[in-house]
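Sequences listed follow chains A and B, in order.
Take the position in the first sequence, starting the count at 1, then add 288; the result is the number in my numbering.
Mapping of the second sequence onto my numbering: position 93 corresponds to residue 78, and the numbering continues sequentially without gaps.
Ideal Cβ positions, reconstructed from N, Cα and C, are used throughout, including at glycine.
Note sheet for the following structure.
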Amino acid sequence: MSRAYRIRVSESATRVVHAEDHVSSKLELLGILPVDQMADLLAQELVKEGFERDGDQAVRTQDATTVTIDLQSGTVEVRAEGEQQVKVSGTKDGYSYDDIGPSKKSAEKALKKELQKELDASITDEQSKLQRQVTDALESKLNDLRGELDGAINRTTAEALKQKASQLGQIKEVTEDPQAGSLTIVVEV
Amino acid sequence: MQTVSRFESNLLSITYALMGQRPISQVISHIVQGTRCPSCLGRNAVELVQQALAKGMVRWLAHEGDAWKVDRHMRDDEIRSGRLWERTSPESLGFTFSQNSLEFLVWLTAEQPLKVNCWKPKRGVELTIGDELVFFRALDALRNTGVGARWMAEKVFARLPLVTLMFTEQLETNVDSKIDFTPWVDGIGASVLEALQTRLKDRWVEMEFAKRHVTELSRMNRIGQNQQIVLSALASSVARQGRFDLCRFWLVALSELMAEADTGRDWIGHLNVDALRLAERTSVYSNASSFLDFGNQLQTWATECATVGYFDEGYQAAQLWLVGWELYDGKRVTSRARDLAGELTF
């Protein structure tokens, strides 16, 4: 009568998993002044919000999220990244018809291969969880960012209007109502 | 009386059905089962097929399309009013059919389309507008059958401009990125688009409503990408030729859609995007709103047309577009479309 010998294999793995997500959008900036001047005004407002100007771009990185704004075209890209070290380990039991020799080695090899697949699946799960976290974090940051950028655009537009008005004539009066979002400029032409 | 063989009789029956002269249900069994094809056709049969195509296609356009309606379209840089045959002399409304049309009809009669590879046009023989109408009519008549469903996945149909314009969302393959509508914005091709304005409008409204029931992300992406190719290709051909009137159906379709649209989320109602990265979600939303976004192009045309002076070239074409723009409240409609598309951006 043949006997079956119980065998056990163990494996562990350490991997670094990465996750990344991004969205792009466009700022709606009115062309009140020439593009270069509007870009400069926008850059000044963005610097107040913690951005750094790098040529035709303004960049800010906070909590693994990078916001890049092309000052000429108004394109906004928000990118979030994440990285995590994942350690997985496991054991797997099986049977072999011999307790020594090639047959046992072959059975162990097959068992290790199955165990490796399961560990890889665990790592993929962890990567998916990390991706989920990165995506959720990016989505929650977008709301705040929207408010910040809307504010920067409004102030840029207001400043551009004042400069344009001063080109037309002498500014007699400027009235701003930030709450209502209105700006009244009286110009003597 | 002319006599024809059994095969030729089936060939004629199928041709008459594609021309709308008898119900497709009467010939569907002939199409699916096929008939043994003789080595050549009799002269009688060929002449009858020619007559069926020549007269039938015109009759179909007049009966099913808008050819009979009094409408205003451009002719030689002037606005011309009347029915299609009043705007264009009947002598200029004839269709030309190449050997591709007859060969396609013979193939459709002889073969079993569900079991063999799809027919392909002869290399080196350019398709005429008449040929493309025959293929369009075949797909149109059979689209709710197994044969039509199979053809919707065939590249040969995804290269035909009229098919891609009419059945954009039903194609199960990608529209040819090099699709060219140039033959359809001048001459007889333009007359066909004039005659199909209501049908095209209805189809594009159905297309957008269909998006509300799409559950597969890949399907939504394909629909949106196909729409973008078709919208861009026809728009650029129309702009080059100054025939904005041919795209009036899009303005009317958008107007009808905006009258019933509540929220931009309707366009992605049945999609489950929770598991997607934001980058992928943006792409799906962009594809879902591709027709809404096209409202910006219609607005651009209106803005440009408003600057065309009385003595400038294209003044009449510009005025005709602006009349439609006012009639269908283009500014409000495209603004609403922009707002709805904006709900689908981050």
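**Item:** 8 Å Cβ cut-off: residues of chain B touching Ser313/A
**Value:** Thr330 and Phe331
**Asked** Among residues of its own chain, excluding the 5 on either side of Phe89/B, which ones have a beta-carbon nearer than 7 Å to its beta-carbon?
**Response** Trp104, Val119 and Phe120
**Request:** Name, in chain order, the residues that DSSP records as bridge partners for Ala309/A.
**Result:** According to the sequence provided, residue 309/A is Asp. The question's Ala does not apply to it. In the DSSP output, where bridge partners are listed per residue, Asp309/A has Ala368/A.
**Request:** Return the first residue and the last residue of the alpha helix (DSSP H) that Asp324/B is part of.
**Result:** Gly315 to Gly327
**Asked** Under 8 Å Cβ-Cβ, which residues of chain B neighbour Asp309/A?
**Response** Arg262, Leu263 and Ala264
**Asked** At what residue ranges does the stretch 60 to 143 of chain B contain a whole run of the alpha helix (DSSP H), taking only runs of 4 or more?
**Response** 69 to 72, 84 to 95, 114 to 127, 131 to 136 and 140 to 143
**Request:** Kindly list the residues whose CB is nearer than 7 Å to the CB of Val58/B, restricted to its own chain and excluding five residues on each side of it in sequence; keep chain order.
**Result:** Note on residue identity: the sequence assigns His, not Val, to residue 58/B. Hits under 7 Å: Arg65, Arg72, Glu179 and Asp230.
**Asked** Should the stretch 250 to 270 of chain B be called in touch with the stretch 310 to 318 of chain B, which here means at least 3 C-beta pairs below 8 Å?
**Response** no
**Request:** Kindly say whether Glu447/A, judged by its beta-carbon, lies nearer than 8 Å to any beta-carbon of chain B.
**Result:** no
**Message:** Which residue wins for smallest C-alpha separation from Gln97/B, given the options Val237/B, Val132/B, Arg128/B and Glu76/B?
**Reply:** Val132/B
**Asked** What residue range is occupied by the uninterrupted beta strand (DSSP E) comprising Ala346/A?
**Response** Gln345 to Gln350
**Prompt:** alpha helix (DSSP H) containing Gln404/A: first to last residue?
**Reply:** Pro390 to Leu456
**Prompt:** So which of Gln360/A, Ala331/A and Lys397/A has the shortest CA-CA distance to Gly439/A?
**Reply:** Ala331/A
**Message:** Taking 8 Å as the threshold (C-beta atoms), are Glu308/A and Glu365/A in contact?
**Reply:** no
**Asked** Using Cβ-Cβ distances below 7 Å, what residues of the stretch 405 to 424 of chain A are close to chain B?
**Response** Gln419 and Thr423
**Asked** Mind checking if Thr267/B is an interface residue toward chain A, Cβ cutoff 8 Å exclusive?
**Response** yes
**Request:** For Ile357/A, I'd like the list of residues in its chain whose CB is within less than 6 Å of its CB, leaving aside the five on either flank, ordered along the chain.
**Result:** Ala346 and Val364
**Request:** Work out the CA separation of Gly249/B and Arg321/B for me, nearest whole Å.
**Result:** 10 Å
**Item:** Coil, strand or helix - Ala301/A by DSSP
**Value:** strand
**Rounded straight-line distance, which links the Cα of Thr183/B to that of Gln301/B** = 23 Å
**Prompt:** Closest Cβ-Cβ distance between Glu333/A and chain B: below 8 Å?
**Reply:** no
**Request:** Would you kindly check if the distance between the Cβ of Leu256/B and the Cβ of Met205/B is under 8 Å?
**Result:** yes
**Message:** Between Ile295/A and Ser384/A, how many whole angstroms is the CB-CB distance? I'm expecting something under 8 Å.
**Reply:** 5 Å
**Asked** Quick check: the stretch -9 to 9 of chain B against the stretch 458 to 467 of chain A, are there 3 or more CB pairs under 8 Å?
**Response** no
**Request:** Provide the residue span of the alpha helix (DSSP H) that contains Thr0/B, from first to last.
**Result:** Arg(-9) to Leu3
**Item:** Beta carbon of Leu329/A nearer than 8 Å to that of Thr444/A
**Value:** yes
**Prompt:** Looking at C-beta atoms only, is the number of pairs between the stretch 297 to 313 of chain A and the stretch 370 to 378 of chain A that lie closer than 8 Å three or more?
**Reply:** yes
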